[in-house]
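Position one of the sequence shown corresponds to residue 1495 (our numbering), numbered consecutively onward.
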Amino acid sequence: MALLICLPGPGFAESCFAPARPFLPSDSQAARDYADIIRGDFEDYIQNIQSYFRCLDSERARAFEEAREVSEDYGRFLQLVGD
């Protein structure tokens, strides 16, 4: 039984990690020199932040469903113990 508690399963929370904010140099010459790299960093960030938002939405829905199930379990528990 204890082993089953330690194993991940479909009822476990998903980890959502926010992407790192892209670096924007304050020096305009550096920005021009590295424009392609910086542009790519910003485009990657925009793509990754959208994935992050989808992950948060999914986790929120999962947590609401879990909370509903736990509430029902608690109601059954209270009935069992006579409260």
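Yeah, the Cβ is synthetic: ideal placement off N, Cα and C, and Gly gets one too.
On the premise that Pro1516 lies in contact with Ala1525, defined as a C-beta separation below 8 Å, what is that separation, rounded to the nearest angstrom? About 12 Å separates the two Cβ atoms, so there is no contact after all.
The alpha helix (DSSP H) spanning Asp1521 covers which residue range? Here Asp1521 belongs to no alpha helix (DSSP H), and DSSP marks it neither H nor E.
One question on the structure: do Arg1556 and Glu1508 come within less than 8 Å of each other, judged by their Cβ atoms? Yes. Within cutoff.
Would you kindly check if the distance between the Cβ of Cys1510 and the Cβ of Leu1550 is under 8 Å? Yes, they are a contact pair.
Expressed to the nearest angstrom, what Euclidean distance is found between the alpha-carbon atoms of Glu1566 and Glu1559? If you take the alpha carbons of Glu1566 and Glu1559, they lie about 11 Å apart.
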